[in-house]
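Asks: Going down the list, the protein sequences come from chains A and B. FYI, our numbering numbers position 34 of the first sequence as 34, with every residue one higher than the one before it. FYI, our numbering numbers position 101 of the second sequence as 101, with every residue one higher than the one before it. Glycine included, C-beta positions come from ideal geometry on N, C-alpha and C.
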Amino acid sequence: EAGVVQSPRYKIIEKKQPVAFWCNPISGHNTLYWYRQNLGQGPELLIRYENEEAVDDSQLPKDRFSAERLKGVDSTLKIQPAELGDSAVYLCASSLARGTYEQYFGPGTRLTVT
Amino acid sequence: RKEVEQDPGPFNVPEGATVAFNCTYSNSASQSFFWYRQDCRKEPKLLMSVYSSGNEDGRFTAQLNRASQYISLLIRDSKLSDSATYLCVVSPSGGSYIPTFGRGTSLIVHP
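#1: On the criterion of 16 or more Cβ atoms from any shown chain inside 10 Å, does residue 20 of chain B qualify as buried, or is it exposed?
#2: With a threshold of 8 angstroms between beta-carbons, can residue 98 of chain B be considered close to chain A, or not?
#3: Going by beta carbon distance, what residues of the same chain come within less than 6 angstroms of residue 114 of chain A, once the five residues before and after it are set aside?
#4: Closer than 7 angstroms by C-beta to residue 46 of chain B: which residues in its own chain qualify, once you throw out the five before and the five after it? Chain order, please.
#5: At least one CB of chain B closer than 8 angstroms to the CB of residue 42 of chain A: is that the case?
#6: Relative to the alpha-carbon of residue 55 of chain A, which residue among A:72, A:109 and A:63 has its alpha-carbon at the smallest distance?
#7: Do residue 106 of chain A and residue 3 of chain A come within 8 angstroms of each other at the CB atom, strictly closer than that value?
#8: For residue 62 of chain B, which of B:52, B:73 and B:53 has the nearest alpha-carbon?
#9: Rounded to whole angstroms, how far is the Cβ of residue 22 of chain B from the Cβ of residue 70 of chain B, which I believe are closer than 8 angstroms?
#10: Does residue 25 of chain A pass the burial test, meaning 16 or more other C-beta atoms within 10 Å, or should it be called exposed?
#11: Would you mind stating whether residue 43 of chain B and residue 102 of chain B have Cβ atoms separated by less than 8 angstroms?
#12: How long is the line joining the alpha carbons of residue 34 of chain A and residue 77 of chain A, rounded to whole angstroms?
#13: Output the distance between the C-alpha atoms of residue 8 of chain A and residue 50 of chain A, rounded to the nearest integer angstrom.
#14: Check whether the stretch 75 to 94 of chain A and the stretch 52 to 68 of chain B touch, using three or more Cβ-Cβ pairs below 8 angstroms as the test.
#15: With a cut-off of 8 angstroms, does the C-beta of residue 83 of chain B fall near any C-beta of chain A?
#16: Are residue 38 of chain B and residue 91 of chain B closer than 8 angstroms when you measure CB to CB?
#17: Could you tell me the distance, in whole angstroms, from the CA atom of residue 65 of chain B to the CA atom of residue 8 of chain B?
#18: Considering only C-alpha positions, which residue in the set B:105, B:3, B:18 and B:88 is nearest to residue 79 of chain B?
#19: Rounded C-beta distance between residue 115 of chain B and residue 77 of chain B? I'm assuming under 8 angstroms.
#20: How is residue 63 of chain A classed by DSSP in three states: helix, strand or coil?
#21: Which residues of chain A have a Cβ atom closer than 8 angstroms to the Cβ of residue 60 of chain B, listed in chain order?
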């Protein structure tokens with residue numbers, strides 16, 4: 001069974017440019033998470049989707065970040081405009097549902113903003 | 001106090017040693033607990049769930065202490081391949097569900 005797929009794997013952009021990340025979760029997983037992980041830190045939740053509904057987005061910087069999950073499957077996370085401090089690894093994860101179900105992570109997108 | 005705290009280490013141990021990590025959490029309403037393993041420049045991978053009654057998987061044992069609000073991970077007979085960062089994640093029940101990861105504990109197993 002295919003795991004969580006993310007693209008691109010690496011992205012280098014200049015500050016003030018837009019960037020988008022794509023995630024395809026494990027088939028049948030209703031819950032999708034976007035995390036940001038800085039060096040030496042654990043993943044920090046940005047937003048969680050239950051099917052196509054965005055919930056738990058309190059930690060998403062809404063002035064520059066946006067996300068969508070059309071049809072409750074694939075998801076896109078966008079940053080516009082990017083800032084130097086956005087350099088991090090952006091991880092997507094999915095689980096069968098929220099609660100006690102374990103999360104499965106994609107390989108992440110390593111973003112460098114110069 | 002951070003919601004989830006881990007000693008970043010590194011824990012430097014010889015092969016065959018037994019090593020234990022703790023992870024403390026501040027939200028007494030937390031209901032779900034997991035340990036993940038993360039290799040350098042890789043994504044976190046689930047190591048094991050932590051149940052109220054404890055959980056054992058081969059050389060790995062996870063325990064939950066609700067009274068003191070911490071979970072633990074014990075690794076017996078350490079292997080070189082156990083070298084990684086071990087992340088704990090804690091989630092509350094009901095309402096806003098935000099899984100919170102610790103910063104991870106680095107383990108280095110040497111020959």
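Replies: Result, derived from the coordinates:
#1: Numbered from 1 along the second sequence, position 20 holds the residue referred to as residue 20 of chain B. With fewer than 16 Cβ atoms within 10 Å of its Cβ, residue 20 of chain B is classed as exposed.
#2: Translated into the one-based positions of the second sequence, residue 98 of chain B becomes position 98. Output row for residue 98 of chain B: interface = yes.
#3: Within the first sequence, residue 114 of chain A is the residue found at index 114, counting from 1. Result list for residue 114 of chain A: 14, in chain order.
#4: Here the question's residue 46 of chain B lines up with position 46 in the second sequence. The residues are 34 and 36.
#5: Mapped onto the first sequence, residue 42 of chain A falls at position 42. By this cut-off, residue 42 of chain A is an interface position.
#6: Against the first sequence, residue 55 of chain A aligns to sequence position 55. It is A:72.
#7: For this step, residue 3 of chain A is matched to residue 3 along the first sequence. For this step, residue 106 of chain A is matched to residue 106 along the first sequence. In contact: residue 3 of chain A and residue 106 of chain A (Cβ atoms closer than 8 angstroms).
#8: By 1-based counting over the second sequence, the position of residue 62 of chain B is 62. Checked all of B:52, B:73 and B:53; the closest Cα to residue 62 of chain B is B:73.
#9: Stepping through the second sequence from its first residue, residue 22 of chain B is reached at position 22. Stepping through the second sequence from its first residue, residue 70 of chain B is reached at position 70. 5 angstroms between Cβ atoms; contact.
#10: The residue you call residue 25 of chain A lines up with position 25 of the first sequence. So residue 25 of chain A ends up on the buried side.
#11: Translated into the one-based positions of the second sequence, residue 43 of chain B becomes position 43. Translated into the one-based positions of the second sequence, residue 102 of chain B becomes position 102. Going by C-beta atoms, residue 43 of chain B is not nearer than 8 angstroms to residue 102 of chain B.
#12: For the purposes of this step, residue 34 of chain A is taken as residue 34 along the first sequence, with counting starting at 1. For the purposes of this step, residue 77 of chain A is taken as residue 77 along the first sequence, with counting starting at 1. Cα to Cα, the separation comes out at about 8 angstroms.
#13: As a working note, residue 8 of chain A is residue 8 in the first sequence. As a working note, residue 50 of chain A is residue 50 in the first sequence. Each residue's alpha carbon lies about 24 angstroms from the other.
#14: no
#15: Sequence index remark: in the second sequence, residue 83 of chain B carries index 83 (1-based). No, its Cβ sits nowhere closer than 8 angstroms to a Cβ of chain A.
#16: Within the second sequence, the letter at position 38 stands for residue 38 of chain B. Within the second sequence, the letter at position 91 stands for residue 91 of chain B. No, they are not a contact pair.
#17: Translated into the one-based positions of the second sequence, residue 65 of chain B becomes position 65. Translated into the one-based positions of the second sequence, residue 8 of chain B becomes position 8. If I take the Cα positions, the gap works out to 20 angstroms.
#18: Walking along the second sequence from the start, residue 79 of chain B turns up at place 79. For the residues B:105, B:3, B:18 and B:88, the minimum Cα distance to residue 79 of chain B belongs to B:18.
#19: As displayed, chain B neither begins before 1 nor continues past 111, which places residue 115 of chain B out of reach and without an answer.
#20: The residue given as residue 63 of chain A occupies position 63 in the first sequence. Of the three classes helix, strand and coil, the one that applies to residue 63 of chain A here is coil, per DSSP.
#21: Sequence index remark: in the second sequence, residue 60 of chain B carries index 60 (1-based). By Cβ distance, chain A contributes nothing, its closest Cβ being about 15 angstroms from residue 60 of chain B, past 8 angstroms.
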